[in-house]
Every structure is written in structure tokens, then in C-alpha cells.
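Below you'll find the structure, written out as C-alpha cells, and then a few comments.
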Amino acid sequence: MIYLNGDFMPIEEARIPVLDRGFIFGDGVYEVIPVYSRRPFRLAEHLLRLQDSLDGIRLLNPHSNEHWSSLVEQIIARNESEDQYLYLHITRGVAKRDHAFPKGVMPTVFIMSNPLLAPPKELLASGVSAITTDDNRWLRCDIKAISLLPNVLLRQMAVDAGAVETVLLREGFMTEGAASNIFVVKNETLLAPPKNHLMLPGITYDVVLELAAAHKIPNEVRTVSEYEMRTAQELLLTSSTKEIMPITRLDGKPVGDGKPGPMFALLYQLYQNYKVTVMRDAVSIS
């Protein structure tokens, strides 16, 4: 069951006009929210990021946070899985094809749910492989825009190479993955690229840094050079659907000793504990 412009319906019945600006121009934004035991994870933070993306494309938010929360609750209730991930999609609406913003047009609002599957245990035990390439995307990567063709092409490079992710480099520095944030462990310190217009501010990224601070894990938020990435003791991949995963091979070469490291093991366990805490409505990070 999905939500589209005020109605709940089976996804097979959903229809969008071909002149929707999301279809014509990719003119819209989206958000992905994980759900554990039928409770949305860090909903307030996801809605804040959604607002930032809407502000970034100068599109008025069609709903209040209270209304979004109600829609989220209803979508969760209308789908079977205990663990889900919700996809929220807002476009500028339907209008004749013209680059300029149309006036008096209602945004298109679409929400769907899919089962959220935990990363396979064997991948957590062995780690995943990644490749690198130049970051050739636009300069507003902080906007969670639906026009994801560059990310699609970059992610397909990983698939073609038998890897899970493509790690992106810009002018000698690491930015993020094609569909994830990337952390580097160097000299027992967790390194994270700073939030700016060159990367999407991840919700899981935030949780990892909060956990590191709360548990006195050495960490630095700063630019991370390609050299630091390639000589790292560990590389970690984070996203709302993959949570935290270890990258153990990069461009065909082992990362560190080629096995998931102690930083991954610690942060993974802290993250799982935090999820349980959140689901019990005790949202303190400590």
C-alpha cells in the first residue's frame, strides 16, 4: 500500500501524469526513513533533512511535520513488515514543460514502503569490496534530489566490478559513496569528511559520530585525503538501509589486514544497542 496525493492505494493502481516535473525534469527531492519494529528511526532528523532538501530547490513543504508523522504512521500500519524502509518523494507537480517554476501548482507527494532487510551476516563477517573513481556530480550533493543519474552511473561501476560501492574522490580528497557515507580509520582515529555541499548529510553518519563522542572514541571531522583513505586501517560504509558495513577491499587491494576491524566491531555493536534504546523511546545517545 502506498500514498499518493491524498489517497492510499495498492501500488499497482498509482498513476502520475507524464507532465509531472519529476518525470520531465527530475525536479523534486526524496527521503528514506528506516523503520524498526514498526517505529520510524530518528523521524525528526529525517524530516529536518527533507526540509533542507526542499529549501535547497525552493519548493514549499506541502505538509507540516505533524502531518508527515501521521502519514508515516499510516503507511507503516498498512504494510506487513515489522522492519521497513519508507521512501518519500515530492516533486514540483504537474505543469506544461517549461524550465521556469510554474505558479499555482500543487506538489506531487508519494510515499511507499519496502521490507527492510538487515545486511547479511556473512558480509558483516567478511566485509565488502569497493572501487574508487572521480566524483563527477554537481556541486549541490547536500540536496537529496530525485535526479540521481550520476549516482546511478557511479553505482553501476561498482556492480560491473563485482563491488558493493563506489567511493568518490574530488581533487585528491574523499567525499562519500555513490549511495552512502564513508568513514576512514587511521591511527585508531575515526575520520569523517565534513558536511558541506559536496556530500549528503547522512542520518547514520550523525549517529556514528554521536556514538563515537559519547563513548570517547577518538574522532575527527575534517577533509580526508585520498592517501589517508588508501592507507587506512579500516573503511566503513554507512547508510539508512545498510547501517554500518566494513569495506575490506578497495580497488582490488585489502584494506588494513583485509578483515573487518575493531572499530567496525565496536561501532556496529553500539549502533545495534542504540537502535534498541530508540525503539524503547529512550533516545539518549549515552
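As numbered in the working numbering, the sequence shown has no gaps in its residue numbers, which increase by one up to the final residue, 343.
Where is the CB? At the ideal position from N, CA and C, for every residue including glycine.
Cβ-Cβ distances below 7 Å link residue 76 to 151, 152, 153 and 154 in the same chain, with the five nearest sequence neighbours on each side left out; the list follows chain order.
Taken atom to atom, the span from the alpha-carbon of residue 289 to that of residue 189 is near 14 Å. In this structure, residue 122 keeps its C-beta atom at 8 Å or more from the C-beta atom of residue 111. One alpha carbon belongs to residue 113, the other to residue 302, and they sit about 30 Å apart. A check of alpha carbon separations from residue 183 across 233, 314, 149 and 124 identifies 314 as the nearest. When rounded, the separation of the alpha-carbon atoms in residue 241 and residue 169 is 33 Å. Residue 68 counts as exposed, since fewer than 16 other beta carbons sit within 10 angstroms of its beta carbon. Within the segment 69–145, the complete beta strand (DSSP E) segments of 3 residues or longer fall at 85–93, listed in chain order. Bounds of any beta strand (DSSP E) do not take in residue 285; it lies within the alpha helix (DSSP H) bounded by 283–287.
The segment 161–180 and the segment 127–145 touch, with three or more beta-carbon pairs separated by less than 8 Å. Taking the Cβ atoms as the reference, residue 207 lies roughly 24 Å from residue 164, outside the contact range of under 8 Å. In the three-state reduction of the DSSP assignment, residue 227 falls in the strand class, which pools E and B.
Rounded to the nearest angstrom, the Cβ distance from residue 295 to residue 262 is 6 Å, consistent with a contact under 8 Å. Taking 8 Å as the upper bound for CB-CB distance, residue 307 and residue 187 are in contact here, some 5 Å apart. In this structure residue 65 is in contact with residue 135, their Cβ atoms being roughly 6 Å apart against a cut-off of 8 Å.
Taking a cut-off of 8 Å for Cβ pairs, the segment 124–133 and the segment 212–227 do not touch, as fewer than three such pairs fall below it. The residue from 217, 107, 137 and 324 with its alpha-carbon nearest to that of residue 85 is 107. Taken atom to atom, the span from the alpha-carbon of residue 58 to that of residue 72 is near 14 Å.
Counting the other Cβ atoms within 10 Å of the Cβ of residue 271 gives fewer than 16, which makes it exposed. If you look at residue 207, you'll find it in the alpha helix (DSSP H) that goes 206–217.
DSSP links residue 293 through a beta bridge to 240 and 303.
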